[in-house]
Structure formats: C-alpha cells, structure tokens
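There are 4 protein chains.
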Amino acid sequence: MPGNAFGQRFRVTSFGESHGGAVGVVVDGCPSGHRFPHDRIAAQLARRRPGQPLTSQRDEADAIEVLSGIDPESGCTLGTPIAMIVRNTDAKSGDYDAMRDVYRPSHADFTYDARFGLRFVAGGGRASARETVARVAAGALAEDLLERWHQIEIVAWVASVHDVLATIDPATVMRAHVDAHTVRCPDPSAAAAMTAVIEDARKHGDTVGGIVRAVVRGVPAGLGEPVFDKLTADLAHAMMSLPASRGFEIGEGFAATRMRGTAHNDAFVPAPERTPPVATRTNHSGGIQGGISNGETIHFAVAFKPVATVFVPQDTVTRDGQATVVRARGRHDPCVLPRAVPMVEAMAALVLADHVLRRFGARAEELDR
Amino acid sequence: MPGNAFGQRFRVTSFGESHGGAVGVVVDGCPSGHRFPHDRIAAQLARRRPGQPLTSQRDEADAIEVLSGIDPESGCTLGTPIAMIVRNTDAKSGDYDAMRDVYRPSHADFTYDARFGLRFVAGGGRASARETVARVAAGALAEDLLERWHQIEIVAWVASVHDVLATIDPATVMRAHVDAHTVRCPDPSAAAAMTAVIEDARKHGDTVGGIVRAVVRGVPAGLGEPVFDKLTADLAHAMMSLPASRGFEIGEGFAATRMRGTAHNDAFVPAPERTPPVATRTNHSGGIQGGISNGETIHFAVAFKPVATVFVPQDTVTRDGQATVVRARGRHDPCVLPRAVPMVEAMAALVLADHVLRRFGARAEELDR
Amino acid sequence: MPGNAFGQRFRVTSFGESHGGAVGVVVDGCPSGHRFPHDRIAAQLARRRPGQPLTSQRDEADAIEVLSGIDPESGCTLGTPIAMIVRNTDAKSGDYDAMRDVYRPSHADFTYDARFGLRFVAGGGRASARETVARVAAGALAEDLLERWHQIEIVAWVASVHDVLATIDPATVMRAHVDAHTVRCPDPSAAAAMTAVIEDARKHGDTVGGIVRAVVRGVPAGLGEPVFDKLTADLAHAMMSLPASRGFEIGEGFAATRMRGTAHNDAFVPAPERTPPVATRTNHSGGIQGGISNGETIHFAVAFKPVATVFVPQDTVTRDGQATVVRARGRHDPCVLPRAVPMVEAMAALVLADHVLRRFGARAEELDR
Amino acid sequence: MPGNAFGQRFRVTSFGESHGGAVGVVVDGCPSGHRFPHDRIAAQLARRRPGQPLTSQRDEADAIEVLSGIDPESGCTLGTPIAMIVRNTDAKSGDYDAMRDVYRPSHADFTYDARFGLRFVAGGGRASARETVARVAAGALAEDLLERWHQIEIVAWVASVHDVLATIDPATVMRAHVDAHTVRCPDPSAAAAMTAVIEDARKHGDTVGGIVRAVVRGVPAGLGEPVFDKLTADLAHAMMSLPASRGFEIGEGFAATRMRGTAHNDAFVPAPERTPPVATRTNHSGGIQGGISNGETIHFAVAFKPVATVFVPQDTVTRDGQATVVRARGRHDPCVLPRAVPMVEAMAALVLADHVLRRFGARAEELDR
C-alpha cells in the first residue's frame, strides 16, 4: 500500500497538495445508516483552521463538499465510500517562488526531492499541514460513530508550550475548557504564559514546540489486537504520522522508566457496574494492557517540535548542492500546538473507530437499531 | 488483517504461545538469491535469550528450524515464504496453575479474556515476551539484507535503567561495546550502576524499567512514504508493538518541545561525496524529515516500563470479579532492558527492509548482481 | 479493507454514486515524474461513455477534473495521490421514483438493501455501471505507464454477442480495428450481425450479453506472484469485479478441459532475441504459467450477462416482501459489450501496472531516466 | 503484500516447498472459542492426498501438526494465529535431478526462474500441487466455522473430464454421493466413462483436464462487498489461484452470454420463511447479484487444464536457451480433477469465512454464545 491510507476497516485515503486544486479524503468502510455529521465536521475543521489568533494568517473557510456516500433522501451514510473535498482558495503561491531551488532547513523539501525527483514547490505541497484537513474531516466522522456506539469521548489539550507546563485534571477536562483559551490549554495561568512565549517567539521570527495530551473516555475493554496491531502501536503510528510530531507516550510513558514495578502496576479491583466487572485502582497503564483496552480511560501524549519556518536567515543548499542562505517568507504559525489539538483528536478517533469495526464488523452500526 | 503480521513487502507473520508447541514466523517477501544468514539469526536469538545473567532463568536453546523458503543446494533464499520455528522445550506450566482464575496486575490476562473470552494460561501465552523470538529471527534476516544492500548498520543499547543514565557517543558505539557489559550498556560506570539497581530490585522482589536508544547508520536519503507511512510512524508502530514499551521518540523527541525553531532546525550543508550531495550540519531531526530519510543517521529511543511480574503480594480480582491477592511465581526478568536491545534492533530492521523493498521492489536483491 | 480499492502498489480507490455529486478515483502509488496523460484518459472515457450508438442515451461529457497529484509547472505526476472526479450532470432521478420500494430482478437493489439496510435509489447508486468511470480513468493512466515502461499494449474487443461469434486474429488486432465498428467487434460481418441482434433485442424491450476477449502484448517474463496472487488470479479478480461479468478464462480456458496434455502443453523453443532467450511454440497457456508471465502474449476472455434492465413486465417483490410487477423505465443499454471493451482494458492495465510496481518498486519510474 | 497470503479477516499464509522440510499454513483471524476440528481437517486432507486410485502414487500420510493457536485445556481456538504443518516424508528428489537445467513445458520451471533467478528444482518446489495441503487444512477449519455460524454447506464434484459430462442435480448432491466414485463424480455412468478416459490417457503417457462444479448452500443474503471485493471477484481470485485452473464462471457463466435478459433475469418471489422475506424463482445468477449474496445457493465452476507432466518426449530448452528434449519421470496424476474437489471446497470456504468475518467481525464467534 503506497502510504496515503490509514486504517483497515475504517479506511481513510488522503489526497491533495496545499496549493493544488483541493485537499480531500475518501472514507471507505463507514457503516451505513449513520446520519452524516456535517456540524461536527465543520466544528472540528474550524478548530484546525489557520487564521485564528496565534496561528498563521492564511484565511480559508475550509468548507467541505461531500461528493459521495450519503443518501440524499435520509442524509444517512450509504455504506459506500464517502469522498470529501475542501478547495484551496487562498493559496498565494508567489510567496514560494524563491524556494524553488532552495531547501528550507528541517522542511521536507529535500527529502521529497530525494524520494520523488520533484516536488510541488508552492506551499510545501503534500508535506504541508494543510493535508490534515483530510484527517480532521474523517476523524470527526469517526468521532461521531464512537459517540453513538459507546459514548466514547475524546478530549485533547495543550499540555506544554516550550518550557511552560500546564496543570490539568485529566478526569474532568472537557473541550469547552480547552477552547476557553486561544492557545487551547485549559489551565488559565499556563495559557497566559504560553501565549506570552509564543508571542515572544513570533516577535523574534522564531517558533516553539510543545506537548499535546489526550484522553479517550468510555472505551470498552477488549479493543485492540495482540502483537503488531496493539492499540498502543496503532495510536503511536497515528500520532507519529502527524506533521512535526517527534514523540509519543502512553500512560506514564517515559516516566514509567523511573518507576519500580510495585509502583507502576495497576491493582485490579471489583467493579460490579462494569462488563466485565473489573476495574483498576490506578491507571499508570493508560487504559491499555498487552495492547488491548482494559476499560479505563486511555491517556497519551504527543510531542511536537518547533515549526521549521523561522524568519531569520539560515544556512542551506540549493538543489544542485551549492551553499546558500534562505530566509522564510509567507504565513506560518509560530506554534502548531493549538491547531494540533483537533488533529490529535482526529487520529485517535480514526484508530478507535477502526478497532471497533475490526472487533464488531459491519454489525457495529446495528448495535442500536 | 488480524494483527499478527507486520510490513507490506517484507511481511512477517508471527505465531505461537509461550508454552505451546512452538513459536515461529513466516517471512513473505524476502528477495531471492540471498544466502540465508543462519549465524546472524542464531547470534541475535542468543542475545534475546533468557537465562543470561540478570534475566529470567528459563533456559532454552532457541535453536531455529527452517521449514521452507531455502534452496537446499545453494543455501539461498528462494523468494518464497521462509518459515522458521523454535520449539518450546523448557516450559514449566505448573508454575502458572494458580494464575488460571486470577488476573495478574498490569499483565494481559484480563485484557486477553476481555478480547477473546479465553486465554492460554500458562506462561502468558501469546502475550509473553517469548513471542519476540519470531521478531528477532525475522529481524536478523532483514538486517542481513540491509547490510548487503546499503551497508546499513543498526546498533541499540541500554541508555537508562530506572534513574541511572548512560553517557554514550552515538556516532561510534558498536555492538561489541554494547555486549561488553551484561546489562548491554556500553558506558562502564553506568553499566555498573544499572546492574546494582537491577539486583537491588530483584532482591526486593521488584522490577525496574528503562530506555533503549538506537542508531541506524547508512540509510540512503529517500526512504519512507509521505503522510501515514512516514518512517517515523512505522518505527513508532514497530517499537510500540514490543511488550512493555510505553514511549517512543525520534531525534530530539520530547526534548524538542523545549527548543526554539532556530535551535532545532538542521542547516543543510554541501556534501559532494553523497548522492544527492547534501548533508545536515546538526541532526536534531534524527535522520527523518517529513517522514522520509535524509541520509543522516536515524536515532530514536524506546521507553520500557518495569516488568509487571513482581514477587510481592498484590491486590487483584478473580475471573468472576472477586477481590483477591496474587503473588507471582515462575521465572521472570527483574528488568527487560538487556534483552530488549536485540528486539529493538529487529523491529528497526523490519521497518527499514520493508521500506527498501517498497522503494526498490524485488529489484532490491538484484542491485549487486 | 472495505472493498472499494484495488491493487497493492498502484492502488485505486473508487467512489461515487450514479446520481450523486460525482464519481471519482484516487490513485495512490503512481510513480513520480510521469507526464499526466490527459488525452489518453479522455479517449478511454469517451469509449466508455453512454450516448454512443447502440448504447444508453444518457449524454454526459464525462470530463475529468484532476484535484491533486500533478505538478502544475511540469504537468508531471508528483508521486502523491492523484484524485480525479467526474461530475454527474445529466442524472434524471425522476425516472427511478417508482423503484424506491420495488426490487428490480437481477439488479443489486435487493442485495444492497440486505447488505446496508438502505440504498441510493436513483440510478442504482454505486451498483451502476457509471462507477466504471473511475476504473477507466485510472486504467488509462496505468496503460500509459505500461507503454512507457515496457511498450506493453492492451487490446480488447467484442468476441461474441449472444450467438454471433466473431473471427479475429489476436496477433494483429489493434484498437483502430476495434473502433471501426460501433459494436467494437473488428470482424465486419460479425459486427453487422451483432448489431442486428442488439437492435432486435432493443425492439423487443430485451437485452443480450456476450464475450469480450483481450490480449496484452509485450509483457516481460517474470511478472506475477506465486500461489495466491498469480497473474491469472488477479486478472480473474479484476474482471469478475466488473458489473455484469459472469465468467473469466485464460488461454484456452474452458476449452482446455477437452484437450489432452500433449496437445495443450506449450513446447519451449530458443529465442535468442529475448531476455531470457526462451519462447513457446504455441501459446495455449495464454502467456501465464504457474501464475507468472512467460513473455508470450497474455490472452483472456470475460463473459457478460445480458443487461438486467428489460422493458417488459417482470414479477418481483416490494421491500416488505409483497409480490408485485415491475416494468423498467429510464435509459439503458440493450447490450453492455461495446462499452465493456475499455473497462476490460482498464482492469487489465491496473493489474499489470500493479505487478510491474510490485516487482520493480518505485524504481520502475526511473528505468528511463 | 507478497503473494502467499489470502483473505483479509480470516487470513491464511501458506508456506513450503514440495520437497522441502514441510508445507504449512498460518491462519490469522480465526475467532476464539471454537473447538478445533481435527477430524474434519484430516478428512479433507485425506480426500486431497495423492496415492488414491487414479492419482499420483506418492504416498504421504499428510498428518498435520498444530503448532499454535489452540488452548491445550479446552481444545478451543485462542483467537491467536493457528500454525499447521505437514512434514514432507516421501519426497524422492532423485527423480528430478535430470530437470535441473531443463524447463518442463507448461510447468512453472521457466517462469519461476524468470521471476526469482533460481528455483527449488525437486518436485516443482512451491509450484507443486503439494502446496494445496495448506489451503485444504485452512479451508476445512473455515468450513467448520461456516457450518457452525450459518449451517453453510459446500459440495463440489467433478462435472466433466475431457469430453465426458456428468448429469448432476445440484440441489441434492452431497459429499457422500461425490465420494461414492473414485473419480468424485456422483453420476455413476459418467464416473465410469471418466475413469476410462483417465486410464486411457495414463496408458498413453498423456493427461486430461476437466471441470469441477460446486454449490454453497445456506449463505445468508448480504455477504460480499460492492465494487472490487464482490463475492464473485473473490471467488474467481480464489479459484484461479489453484494450480492448473484456467477458467471460472458463476451461475450460468459463459452460457449467460447466449441468453436474453428476459430469460436470464431471476424474478423475485415472496418467501416469508426467510430473513429478509425474499427469494428468487430461478437462480441463473448463481446466488450473487451485484457482488453480494442474495440468499440463494451459490453455484460456480472451475476449469482445470490437463496435467502438464506427460510421459512422452517433448521439445524444450535448457536454462541457457539450448533446444533439447525432455521426458518426464516421477509420479504424477494423469488427471487432477478428483483431488481438485477438496481444493475447490477449501477455497470457497476461505472466501466465505472471510466475508462472514468482514461483515460480522469478531462477533461472528459470539453469535451462538
């Protein structure tokens, strides 16, 4: 498989270059008879959109057009592929002319040339974060299915920007809290400090990274496949496919390496209200044991590097290997973190919807019939 | 696909329970005409084997039997599936009888029951680290191909155990250095401290975790697929499918979140000796940009939690949800890190061999004809 | 994988309902640097189009819009997914209102309801032959690659309609000959008889079927994978996925069952001009032995049933199982055979391009660099 | 995927050469909690075995060894991969020494060399019909699941050998009838004539082909995926992957091309006893419409060419392209048809089990809990 598709049963194929005709996605495997969630998709795309405070000034409405897969009479999914596209309308390709023969440091210009022999110069083409429109649209559809099937709820937030760490209660945080602050960190004082750090970086033509944390609540025990398709592995795959992601951890993650087994182990306790009637006293495992969900809240983190586009001169080389200096132009985020929140939610939704369907098949849709 | 296979072109299917008849692997897609590397496979299996100092006392020769895919006349691969098995000879199932109706905390007993409705009780069945025999055997074959094709070299080592951190020069470290210390940490003073930490944990019936770091040298620029099958994503998937892994990072990883873009970006510099003639001055990206290799050394880290089997009483529940106390028996590592080194190397080799074949096809084998 | 994608390395994902917004296809895995063949695609779509003599009167320009995957500067493929769509402009949904609650015999109305619980009523939705727009567009792109790589040439023709059999020399037949007759049978007298048979069927509100034969010339020896992905198996899969196809045979096909081995075997003869220097004296095998191409011309046949839409009253049932009578309305071919010719060529091209890429990898594109 | 695996949810990976260590199969995706059907597997392997009257004299017990995937306590499947192997015990490699540098006409010797650059000379290696041991073992397991889930029943029989055609009532034929005659044709007079034809061919050192027909009873409506993974397409793929198969047809097949639509269409009739309450008056469609099962009996046919190994001198070439003459040695069937019957049944079972699991997921196993 060539690399632009994800998932086995809820399978998304992403296409489109940042400054080409459109970006879009085909979702193959969406169960039939589900009311297509236009509003949820629009809402998540709005959260992903540039042109918000703190982010790139590119202003695009990002209105999706649905080309297939929906019954016009009932508004429900047909069980056939759902193709969604978003036209590229505000692309200022001129900003990129100077980049044609120059490799921007820590961008994908050089590696795409090494891989393909040519690249779509304007806007970074397929390596642009604009590709994530496809993921967020498909992910919002997946999220809607998860909510209907199991009341599964996904909440992500900005846990750190540069050296500013937030203090959040993962048990109670909701999207409304996250969106109460432009930086999408629900800790008010940390949010203010993050905003200051981002603005300071922008002022210096520089950029900053950070960490997104996420919880998935309501996952039934027994999702995930042993060995290679562990839920942990599929989540890691999903998150590390996001632009600028550099690290992933589940549960205690790297901190687990500094714990002893007696401290890290999650004791089981009776939980008569559950099926099966088992819970854990602590949740250091982050809801996944042996690659399979145990019914506790899944929690994980994704590290994002600072944006590669900085507005100071940088050493680099031309396509023919000559040393030169490049200085970025165009519109770019000084920090991807606020926009990464819906991307992380989308990828988590894609992984979970896929595993629900792998376990329950097309029957998944019929559970509430 | 049901979850026990990995890779698209160099595809391994793993099978076997810890205390069943055998564990094994089928490699489908290995190019033809390659001399089968019995010795390399045996060597890596020996490094993975329990019964070494510091690890579990289960003593198994782990001699592989090759059932198919090799030409008996030339000893070369036929291009057909290579099936390798290792018999389970030293399994003491009796140790596990008490575990039949009790869920060991932070093991996969409960989640396998939730997923499958039954489980192979003795030895943890398929969730046992013994399953990694399959990975290590297939990975050693992949490694041999990588060396032949591109002189690609993979070296992993124990970078930390609990709170003991090693200081290693990733540019020069070799497997011989790693194996010079039982704990597989090439920093002598750290190795001594790690050994002490592990022995102390064992003495208390407790366990410790740690971090494995790895480098992959000699990777040509242009490996990896954009978007979902980024090299980063596939490596993350591979590493997070290993038993007890809890985190993955590439390049600077989580530390990148505390760097500014101007500090993290890797300036390009002319490199006339390379094809294409481009190198980077620094390597914060860890050899992968936009999901595609850039010709620099790939480096990454994997976090492993402390082993779940501790020899102190733990609260838990029975299969029917009653509170009880469990105390482990059997033979278990107090720390998986030394044995995780060849596992990490194997998974890296599987990912890279797959991507070489995806890029160069069955022709990969013919490059040196 | 949910069923709307085909191929492993040249992977097409088809979407769209007959009377929805658009039909389209995403091609993932097309090598980079190939000039996008707009004209060839338009030409094959024109051959597939209804509104030609003998076929349905639905008149659609079927102009494709390319949304992604092409470098605007060079007109070359980028190596990223190529999304192509064709808008549905002439759909008269009103014709289908009466069909909402009635199952048309030997259509997919009932089985789609059984599978999905609902269906796109107008135009047959996804089960319409209009879906083959996606296949033909992608297939024309594949064909262009095959011609560039190996001068591979695919020619299909109508070999029979009902009881009229054509006499064709498969060694010399070309598309120009095929298109010289509206019915796409290059045997003039058979073509005339076929036309008469089709017109007679139309006059009676009835329909007829027939056989398409095809040759693939220039296939190098060594394409195809043993065992399950034999070239024969993949061609059969491809052809039997076409609407209305009911049978497939390779080489002598069913006639081989009435030959003795001594008559059917293809003797090998020296062929110094070939690489490897081997040919066969006869070609009863149809160019494929053991599932792998042997360098001879591949030839095969596909049986198409008579079109299900007949303009006479037929017994059927309603959605709630009541007996009723249905009489078709709308515009429909009395015979799909002429339009099936480019569909068969497209599917053959998809199979072969996939196998070339499986064998030669992304390097396939570089053979002529 | 490299070509030795089949199915998406009930996924079998076949391995092994005819004269290597073993042939075998890994079944990944078998639901848990199913009693492993040793007897059914042994019975189907016995029907496939050479050394029966009319077939090759190679005498192998073909006893399978199950290496993994079964709970030793309950004898039930664990939901983990089931590896089964059959050792090669009676391989007389010496018979093949003369074949090392000579290509046997219409065998896979030449194409394997063209594909892989080398081949397992003795016994045809992987191209031998012995590979079908893997299919038959896995297929018998699949068949057992199908019977449990839906009382699905598969019966295949020899419908023709050379020019001898049997007359069979597909509605009533059972395996016991089929096995009543060595040639596996349940029509006594045709069976006698077939036997005579085969013996006559053997006497002349020649071989004959024929047709296997099969029915699948009890398939619920709604199995199959639209477009590329139609049930017809997957069955065609499966059957055309069998050694020596040359054609496939469903329902009326090629005969449908000589019928008019009014004759071929299957009128729907009320069927209150069914869910949904719909049946067809005739079954020209062979139980599949639009690629999806309609609840009627599936019936199809597979054409097998005459065996390539004939005991008369044949023109051929050596590996270096020199003309020579080859005369077969070794033990070979003059007609594969009797042994092809269980192979066809096995492949049908694999396709259907896969589609049941694709539709119903891991829940399939729980239907009768």
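Those sequence lines, one after another, are chains H, B, A and L. Note that our numbering numbers the first sequence so that position 223 is 223, with each residue one more than the last. Note that our numbering numbers the second sequence so that position 251 is 1251, with each residue one more than the last. Note that our numbering numbers the third sequence so that position 198 is 2198, with each residue one more than the last. Note that our numbering numbers the fourth sequence so that position 257 is 3257, with each residue one more than the last. All C-beta atoms in this analysis are idealised placements derived from N, C-alpha and C, irrespective of residue type, glycine included.
>> Taking the straight line between their C-alpha atoms, what separation do you get for B:Gly1291 and B:Leu1231?
In response: By 1-based counting over the second sequence, the position of residue 1291 of chain B is 291. By 1-based counting over the second sequence, the position of residue 1231 of chain B is 231. Roughly 5 Å between the two C-alpha positions.
> Assuming H:Ala346 contacts H:Ala140 under a Cβ cut-off of 8 Å, what Cβ separation, rounded to an integer in Å, is found between them?
Replying inline: Locating residue 346 of chain H in the first sequence gives position 346, counting from the first residue. Locating residue 140 of chain H in the first sequence gives position 140, counting from the first residue. Sure, about 7 Å apart at Cβ, within 8 Å.
>> Counting only beta-carbon separations shorter than 7 Å, does A:Arg2001 have a partner in chain L?
In response: Position 1 of the third sequence, counting from 1, holds the residue named residue 2001 of chain A. The sequence shown places Met at residue 2001 of chain A, rather than the Arg named in the question. So yes, A:Met2001 belongs to the interface.
> Closer than 9 Å, Cβ to any Cβ of chain H: which residues of the region 1214-1237 of chain B, in chain order?
Replying inline: In summary, the residues of the region 1214-1237 of chain B whose CB is separated from some CB of chain H by less than 9 Å are Pro1220, Ala1221, Gly1222, Leu1223, Gly1224, Glu1225, Pro1226, Val1227, Phe1228, Asp1229, Lys1230, Thr1232, Ala1233, Asp1234, Leu1235, Ala1236, His1237, in the order they occur in the chain.
>> How far does the beta strand (DSSP E) with B:Thr1013 in it extend, from its first residue to its last?
In response: Here the question's residue 1013 of chain B lines up with position 13 in the second sequence. Where B:Thr1013 is concerned, the enclosing beta strand (DSSP E) stretches over 1011-1015.
> What separation, rounded to the nearest whole angstrom, lies between the Cα atoms of L:Glu3301 and L:Ala3193?
Replying inline: Sequence index remark: in the fourth sequence, residue 3301 of chain L carries index 301 (1-based). Sequence index remark: in the fourth sequence, residue 3193 of chain L carries index 193 (1-based). Rather than Glu, the amino acid found at residue 3301 of chain L in this sequence is Ala. Between the C-alpha atoms of L:Ala3301 and L:Ala3193 there is a straight-line separation of about 20 Å.
> What does a CB cutoff of less than 7 Å around B:Ala1353 pick up in its chain, not counting 5 residues either side in sequence?
Replying inline: Position 353 of the second sequence, counted from the start, is the residue given in the question as residue 1353 of chain B. These residues qualify, in order along the chain: Phe1010, Ala1142, Leu1145, Leu1146.
>> List, in chain order, every chain A residue whose beta-carbon is nearer than 9 Å to that of B:Thr1013.
In response: Residue numbering aside, residue 1013 of chain B sits at position 13 when the second sequence is read from its first letter. Ordered by position in chain A, no residue passes the 9 Å Cβ test against B:Thr1013, which lies about 14 Å from the chain.
>> By the DSSP assignment, the alpha helix (DSSP H) with A:His2264 in it spans what residues?
In response: As a position in the third sequence, residue 2264 of chain A is number 264, starting the count at 1. Start and end: 2261-2264.
>> Per DSSP, what are the beta-bridge partners of A:Glu2249 in this structure?
In response: For the purposes of this step, residue 2249 of chain A is identified with residue 249 of the third sequence, where counting begins at 1. In the DSSP output, where bridge partners are listed per residue, A:Glu2249 has A:Ala2301, L:Gly3247.
> In terms of residues, what are the limits of the beta strand (DSSP E) holding A:Val2155?
Replying inline: Counted from its first residue, the third sequence places residue 2155 of chain A at position 155. Looking at the DSSP string, the run of the beta strand (DSSP E) that includes A:Val2155 is 2153-2161.
>> Am I right that B:Ala1137 and H:Phe228 are in contact with their C-beta atoms under 8 Å? What's the rounded C-beta distance?
In response: By 1-based counting over the second sequence, the position of residue 1137 of chain B is 137. By 1-based counting over the first sequence, the position of residue 228 of chain H is 228. Contact doesn't hold; Cβ gap of about 15 Å is too wide.
> Can you tell me the Cα-Cα spacing of L:Val3262 and B:Pro1031, whole angstroms?
Replying inline: Taking the first residue of the fourth sequence as position 1, residue 3262 of chain L is located at position 262. Taking the first residue of the second sequence as position 1, residue 1031 of chain B is located at position 31. First, the amino acid is wrong: residue 3262 of chain L is Thr here, not Val. If you take the alpha carbons of L:Thr3262 and B:Pro1031, they lie about 53 Å apart.
>> Less than 7 Å between the beta carbons of B:Glu1017 and B:Phe1116, yes or no?
In response: Counting from 1 along the second sequence, the entry for residue 1017 of chain B is found at position 17. Counting from 1 along the second sequence, the entry for residue 1116 of chain B is found at position 116. Contact flag unset, no.
> If you measure from the beta carbon of L:Lys3203 to each beta carbon in chain A, is any gap under 7 Å?
Replying inline: Here residue 3203 of chain L refers to the residue found at position 203 of the fourth sequence. Chain A contact via Cβ: absent.
>> In chain order, what are the residue ranges of uninterrupted beta strand (DSSP E) at least 3 long that sit wholly in the region 3070-3109 of chain L?
In response: 3082-3087
> Can you list the beta strand (DSSP E) stretches of 3 or more residues lying completely in the region 152-227 of chain H, in chain order?
Replying inline: 153-161, 210-217
>> Contact between the region 1232-1241 of chain B and the region 174-193 of chain H is defined here as three or more beta-carbon pairs at a separation below 8 Å; is this criterion met?
In response: At 8 Å Cβ cutoff, the stretches do not touch.
>> Run through chain H and tell me which residues come within less than 7 Å of A:Cys2076, C-beta to C-beta.
In response: Counting from one through the third sequence, the residue named residue 2076 of chain A turns up at place 76. Per Cβ cutoff of 7 Å: Leu118.
> Along the chain, where does the alpha helix (DSSP H) that runs through B:Val1325 open and close?
Replying inline: Walking along the second sequence from the start, residue 1325 of chain B turns up at place 325. Boundaries around B:Val1325 are those of the beta strand (DSSP E), 1323-1326, since no alpha helix (DSSP H) includes it.
>> Just to confirm my understanding: we take H:Val344, look at its own chain, exclude 5 residues before and 5 after, and list those with CB closer than 6 Å. What are they?
In response: For the purposes of this step, residue 344 of chain H is identified with residue 344 of the first sequence, where counting begins at 1. Answer for H:Val344: Ala156, Val212, Ala214, Val302, listed in chain order.
> Going along the region 2124-2150 of chain A in order, which residues come within less than 8 Å of chain H, judged by CB to CB distance?
Replying inline: Gly2125, Arg2126
> Since B:Ala1271 and B:Arg1281 are thought to touch, with beta carbons under 8 Å apart, how far apart are those beta carbons, to the nearest angstrom?
Replying inline: Within the second sequence, residue 1271 of chain B is the residue found at index 271, counting from 1. Within the second sequence, residue 1281 of chain B is the residue found at index 281, counting from 1. With a Cβ gap of about 10 Å, B:Ala1271 and B:Arg1281 do not count as contacting.
>> By the three-class DSSP mapping on this structure, what secondary structure does B:Gly1024 have?
In response: Mapped onto the second sequence, residue 1024 of chain B falls at position 24. Strand at B:Gly1024.
> Can you find a C-beta in chain L that's less than 7 Å from the C-beta of A:Asp2187?
Replying inline: One-based indexing of the third sequence puts residue 2187 of chain A at position 187. Any Cβ of chain L closer than 7 Å to the Cβ of A:Asp2187 would place that residue at the interface, and such an atom is absent.
> Are there 16 or more other CB atoms within 10 angstroms of the CB of L:Ala3323, so buried, or fewer, so exposed?
Replying inline: What you label residue 3323 of chain L is simply residue 323 of the fourth sequence in a count that begins at 1. Looking at its Cβ environment, which holds fewer than 16 other Cβ atoms inside 10 Å, L:Ala3323 is exposed.
> What does H:Thr80 touch in chain L if you count any residue whose Cβ is under 9 Å from its own?
Replying inline: In the first sequence, the residue the question calls residue 80 of chain H occupies position 80. Result: Pro3226, Val3227.
>> Please report the distance separating the alpha-carbon of B:Gly1021 from that of B:Leu1078.
In response: The sequence position of residue 1021 of chain B within the second sequence is 21, counting from 1. The sequence position of residue 1078 of chain B within the second sequence is 78, counting from 1. Going by the C-alpha atoms only, they are around 27 Å apart.
>> Using a Cβ-Cβ cutoff of less than 6 Å, which residues in the same chain neighbour A:Ala2244 once the five nearest sequence positions on both sides are dropped?
In response: Counting from one through the third sequence, the residue named residue 2244 of chain A turns up at place 244. Same-chain partners within the cutoff: Phe2304, Lys2305, Val2336.
>> Please report the straight-line C-alpha distance between B:Ala1043 and B:Ile1085, rounded to a whole angstrom.
In response: Indexing the second sequence from 1 puts residue 1043 of chain B at position 43. Indexing the second sequence from 1 puts residue 1085 of chain B at position 85. Computed Cα separation, rounded: 16 Å.
>> Could you tell me the alpha carbon to alpha carbon distance between H:Asp163 and B:Gly1361, rounded to whole angstroms?
In response: If you number the first sequence from 1, residue 163 of chain H lands on position 163. If you number the second sequence from 1, residue 1361 of chain B lands on position 361. Looking at the backbone, the Cα of H:Asp163 and that of B:Gly1361 are separated by about 45 Å.
> H:Ser293: buried (16+ other C-beta within 10 angstroms of its C-beta) or exposed?
Replying inline: Against the first sequence, residue 293 of chain H aligns to sequence position 293. Buried is the call here.
> Just how far apart, CA to CA, sit L:Asp3206 and A:Ala2255?
Replying inline: Position 206 of the fourth sequence, counting from 1, holds the residue named residue 3206 of chain L. Position 255 of the third sequence, counting from 1, holds the residue named residue 2255 of chain A. The alpha-carbon separation between L:Asp3206 and A:Ala2255 amounts to approximately 17 Å.
> Under a CB-based cut-off of 7 Å, is L:Leu3350 close to chain B?
Replying inline: Position 350 of the fourth sequence, counted from the first residue, corresponds to residue 3350 of chain L. No, its Cβ sits nowhere closer than 7 Å to a Cβ of chain B.
> Who are the neighbours of L:Thr3207 on chain A, taking C-beta pairs under 7 Å?
Replying inline: The sequence position of residue 3207 of chain L within the fourth sequence is 207, counting from 1. By Cβ distance, chain A contributes Arg2260, Gly2261.
> Taking C-alpha atoms, which residue in H:Ile70, H:Arg48, H:Ala98, H:Ser68 lies nearest to H:Val326?
Replying inline: Counted from its first residue, the first sequence places residue 326 of chain H at position 326. It is H:Ala98 whose Cα lies nearest to the Cα of H:Val326.
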